[in-house]
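Peer 1: Quick note: the sequence shown uses the UniProt record's numbering, first residue 1, plus one each step.
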Amino acid sequence: MLQCLILELEMVFSWLNLLAKFGFSDITGIDYSPSAIQLSGSIIEKEGLSNIKLKVEDFLNLSTKLSGFHVCIDKGTFDAISLNPDGAAEKRKQYVKSLSRVLDVKGFFLITSCNWTKEELLDEFSEGYMERFTAQKQNVEA
Numbered sequence: 001m002l003q004c005l006i007l008e009l010e011m012v013f014s015w016l017n018l019l020a021k022f023g024f025s026d027i028t029g030i031d032y033s034p035s036a037i038q039l040s041g042s043i044i045e046k047e048g049l050s051n052i053k054l055k056v057e058d059f060l061n062l063s064t065k066l067s068g069f070h071v072c073i074d075k076g077t078f079d080a081i082s083l084n085p086d087g088a089a090e091k092r093k094q095y096v097k098s099l100s101r102v103l104d105v106k107g108f109f110l111i112t113s114c115n116w117t118k119e120e121l122l123d124e125f126s127e128g129y130m131e132r133f134t135a136q137k138q139n140v141e142a
């Protein structure tokens, strides 16, 4: 097993199944919808994948139990939040705060977006992460 804490946001059938089949462990999938988690659970059970944990969680209002992930994968959650007509800008900021809280300092964030360019995503995620990167770089150089 490859030891790596992996979190996937708002999922049904997802990368988690593939990663589990490749030998990764400590994999967690979250979704705000209990029925999505139930469907994912039945797929995971059918495929015999015991190294995936599923949790009902709203990424914008996370419990304190989720933290320290080495990899965080988003394949549409940020896009969906961005398209929400009610307070999208504030929800995007909350998303970045939540990501900063769950992702390990040296962790990787993988996002797939069909609504944002690379430059726009870098701009959206720079607040909170550029400071983190600069502090990390200074600690390495010291």
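Ideal Cβ positions, reconstructed from N, Cα and C, are used throughout, including at glycine. Only a predicted model underlies this, so the values are computations on that prediction, with no experimental measurement involved.
Taking buried to mean at least 16 other C-beta atoms within 10 Å of its own C-beta, is GLY29 buried or exposed?
Peer 2: Taking the sequence shown and counting its residues from 1, the one referred to as residue 29 is at position 29. Per the 10 Å Cβ criterion, buried.
Peer 1: Measure the C-alpha to C-alpha separation of GLY107 and LYS46 and round it to an integer number of angstroms.
Peer 2: Taking the sequence shown and counting its residues from 1, the one referred to as residue 107 is at position 107. Taking the sequence shown and counting its residues from 1, the one referred to as residue 46 is at position 46. If you take the alpha carbons of GLY107 and LYS46, they lie about 31 Å apart.
Peer 1: Alpha carbon to alpha carbon, how far is SER50 from ILE43?
Peer 2: Translated into the one-based positions of the sequence shown, residue 50 becomes position 50. Translated into the one-based positions of the sequence shown, residue 43 becomes position 43. The straight-line gap from Cα to Cα measures roughly 11 Å.
Peer 1: For the beta strand (DSSP E) that ASN29 lies in, which residues bound it at each end?
Peer 2: Reading the sequence shown from its first residue, position 29 is the one you call residue 29. Note on residue identity: the sequence assigns Gly, not Asn, to residue 29. First-last of the beta strand (DSSP E) with GLY29: 24 to 31.
Peer 1: For the alpha helix (DSSP H) containing GLY41, list its first residue and its last residue.
Peer 2: Position 41 of the sequence shown, counting from 1, holds the residue named residue 41. It spans 34 to 47 - the alpha helix (DSSP H) in which GLY41 sits, taken as one unbroken run.
Peer 1: Would you list the residues sitting across from ILE111 in a DSSP beta bridge?
Peer 2: Reading the sequence shown from its first residue, position 111 is the one you call residue 111. Looking at the DSSP assignment, ILE111 forms a beta bridge with ASP74.
Peer 1: Ends of the beta strand (DSSP E) at LYS55?
Peer 2: Here residue 55 is taken as the residue at index 55 of the sequence shown, counted from 1. Start and end: 52 to 56.
Peer 1: Tell me LEU103's beta-bridge partners as DSSP assigns them.
Peer 2: As a position in the sequence shown, residue 103 is number 103, starting the count at 1. PHE69.
Peer 1: Using the beta-carbon count (16 or more within 10 Å), is GLU90 buried or exposed?
Peer 2: For this step, residue 90 is matched to residue 90 along the sequence shown. Exposed is the call here.
Peer 1: State the DSSP-derived secondary structure class of LEU9, mapped to helix, strand or coil.
Peer 2: Working through the sequence shown from its first residue, we reach residue 9 at position 9. It is coil, neither helix nor strand.
Peer 1: Could you give the C-beta distance for PHE24 and ILE6, rounded to a whole number, given that I count them as a contact under 8 Å?
Peer 2: To locate residue 24, count along the sequence shown from 1; it is residue 24. To locate residue 6, count along the sequence shown from 1; it is residue 6. 6 Å between Cβ atoms; contact.
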